[in-house]
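*Asks:*
There are 2 protein chains.
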Amino acid sequence: MFNKETEYALRGLVYVRVQQILGHKPGIIEIATEIDAPLFYTGKILQRLVKMGFLMSSKGKGGGFYFDLLKPDLPLKTIVEAIEGGKAYSGCGFGLKQCNDDNPCPLHEQYAPIRASIDKLVTLNTVQSLALNYKNGEDILLKL
Amino acid sequence: MFNKETEYALRGLVYVRVQQILGHKPGIIEIATEIDAPLFYTGKILQRLVKMGFLMSSKGKGGGFYFDLLKPDLPLKTIVEAIEGGKAYSGCGFGLKQCNDDNPCPLHEQYAPIRASIDKLVTLNTVQSLALNYKNGEDILLKL
DNA sequence: ATATTAAAAGACCTTTTGGTCTTTTAATAT
DNA sequence: ATATTAAAAGACCAAAAGGTCTTTTAATAT
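Here the protein sequences come in this chain order: G and H. Residues in the first sequence are numbered consecutively from 655, following this note's numbering. Residues in the second sequence are numbered consecutively from 655, following this note's numbering.
(1) Going by the DSSP bridge assignment, what does Y720 of chain G pair with across the sheet?
(2) Starting from F816 of chain G, trace the alpha helix (DSSP H) both ways and give me its first and last residue.
(3) Within the continuous alpha helix (DSSP H) that includes L778 of chain H, where are the two ends?
(4) In terms of alpha-carbon separation, which member of G:R702, G:C759 and G:V672 lies closest to N787 of chain G?
(5) Measure the CB-CB distance between D722 of chain H and S783 of chain H and report whether it falls below 9 Å.
(6) Assess contact between the region 741-751 of chain H and the region 733-743 of chain G, defined as three or more Cβ pairs (one per stretch) separated by less than 8 Å. Is contact present?
(7) Anything in chain G within Cβ reach of S771 of chain H, meaning under 7 Å, just list it in chain order.
(8) Identify the residues that DSSP records as bridge partners of P729 of chain G: which are they?
(9) Given that a residue counts as buried once 16 or more other Cβ atoms are within 10 Å of its Cβ, and exposed if not, what is L798 of chain G?
(10) Under 9 Å, Cβ to Cβ, is there at least one residue of chain H near M655 of chain G?
(11) Measure the alpha-carbon distance for A785 of chain G versus N757 of chain H and round it to whole angstroms.
(12) With a threshold of 8 Å on Cβ separation, who are the neighbours of P680 of chain G within its own chain once the five nearest residues in sequence on each side are excluded?
(13) Just to make sure I have the definition right: I need the residues of chain H whose C-beta is within less than 7 Å of the C-beta of V668 of chain G. Which are they?
(14) With a 10 Å radius around its C-beta and 16 neighbouring C-beta atoms as the bar for buried, classify A686 of chain G as buried or exposed.
(15) The alpha helix (DSSP H) that contains K800 of chain G, what's its start and end?
(16) Alpha carbon to alpha carbon, what distance is there between I682 of chain H and G716 of chain H?
(17) Since Q674 of chain G meets chain H, which of its residues come closer than 9 Å, beta carbon to beta carbon?
(18) Please determine, among H:P692, H:V734 and H:A691, the residue with the shortest C-alpha to C-alpha distance to M706 of chain H.
(19) Taking the alpha helix (DSSP H) that G742 of chain G belongs to, which residues open and close that run?
(20) Considering only residues of the same chain and omitting the five flanking positions on each side of L709 of chain G, which have a CB-CB separation below 8 Å?
(21) Given that a residue counts as buried once 16 or more other Cβ atoms are within 10 Å of its Cβ, and exposed if not, what is L730 of chain H?
(22) Report yes if the CB atom of I772 of chain G is closer than 9 Å to the CB atom of M655 of chain G, and no otherwise.
(23) So what's A785 of chain H in DSSP terms, helix, strand or just coil?
(24) With 9 Å as the threshold, decide whether the Cβ of E661 of chain G is near any Cβ in chain H.
(25) Tell me, please, whether the CB atom of L798 of chain H is closer than 9 Å to any CB atom in chain G?
(26) Between Y765 of chain H and chain G, is any beta-carbon pair separated by less than 9 Å?
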């Protein structure tokens, strides 16, 4: 569904948010270990997320990653588009630019509703909502 | 949804099948032009499909690509799996190996039905069924 | 037989994705 | 002040995806 970078970003963000709920500010080493992602790569990805304004960080002792609680919830779609580009999972199944409702490719009629479901999924779910589910013990994040 | 190679393969296969219905055996140049794909790359992909037994070809004058009509219809899933590998669109949205119904990641409940729809889509649709839709004027293939 | 046609084979290249590692900067605690 | 801690910056590398091009092989038509 998503590429590796997006996967690590989503897992990392949700992990940070869960920890924030628990009153903890995790660092790169903890995050990468807990979400089972490559250490340096995860660091680079989190850095990018900070630079893009999705996440906050502080240096030095007691430092780590956290969210600005004043900001609105972060839909997955925002992150995915920031990482994979705006056209992610919005294209035609056959790769045709001209494909649309009036001019459907052979898969269009069946694929369009699926694409719409995906769009809904990433639009409605936010890092915060997923973190709450996780915190409530409903879901796993990793490291079972 | 699919990667480029798969897209070109699907478009090419459907195009060949449509032409076969029309009593024509197209060559690489025609196919690549009509499906709007890179010439040499398309050639290489068709070659692979022939080697994998999904498609037939003949060399020399009057040569080109065609299907063995005795073989059963070719589900898209077969092609996608041959090109992208068996685990295409079967994984967890979060990239977790341990994710399943009993042990769901935060996205699992919502993503699982979407994944199932995709599986149904590629299982039920075949190169032949799509070619028929196209031939009936219901769909576009490309080159509008 | 040979010239022509068209696919097969395979070398090669570029871009993107995924990943590693070292150095620098900034914060905090002593 | 300075030692320590931890993120930021950025150089570097490997694999995969995507794509180009030339040469070889096989079929057909003359």
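Note that beta-carbon positions come from the ideal geometry of N, C-alpha and C, so glycine has one too.
*Replies:* If we stick to the structure as given:
(1) G:M710
(2) With chain G covering only 655 through 798, there is no way to say anything about residue 816 of chain G.
(3) H762 to L778
(4) The shortest C-alpha separation from N787 of chain G is found at G:V672.
(5) no
(6) Cβ pair count under 8 Å is below three, so no.
(7) I768
(8) G:T780
(9) Its pLDDT being 40, under 50, L798 of chain G is placed unreliably by the model, and the measurement read from it follows with that caveat. Classification for L798 of chain G: exposed.
(10) yes
(11) 16 Å
(12) Y669, V670, Q673, E688, G718 and F719
(13) Result: P760.
(14) Answer is buried; the Cβ neighbour count reaches 16.
(15) Because residue 800 of chain G is not part of the residues shown, which for chain G are 655 to 798, the question remains open.
(16) 12 Å
(17) Those within 9 Å of Q674 of chain G in chain H number zero; the least Cβ separation is about 16 Å.
(18) H:V734
(19) Note that residue 742 of chain G is Ala in the sequence shown, not Gly. No alpha helix (DSSP H) contains A742 of chain G, which DSSP labels as neither H nor E.
(20) L667, V670, L700, L703, F719, Y720 and F721
(21) buried
(22) Yes.
(23) helix
(24) yes
(25) Residue placement at L798 of chain H is flagged as unreliable, the pLDDT there being 39, under the threshold of 50; the coordinate-derived value follows with that caveat. Chain G, which has a Cβ nearer than 9 Å to the Cβ of L798 of chain H, makes this yes.
(26) yes
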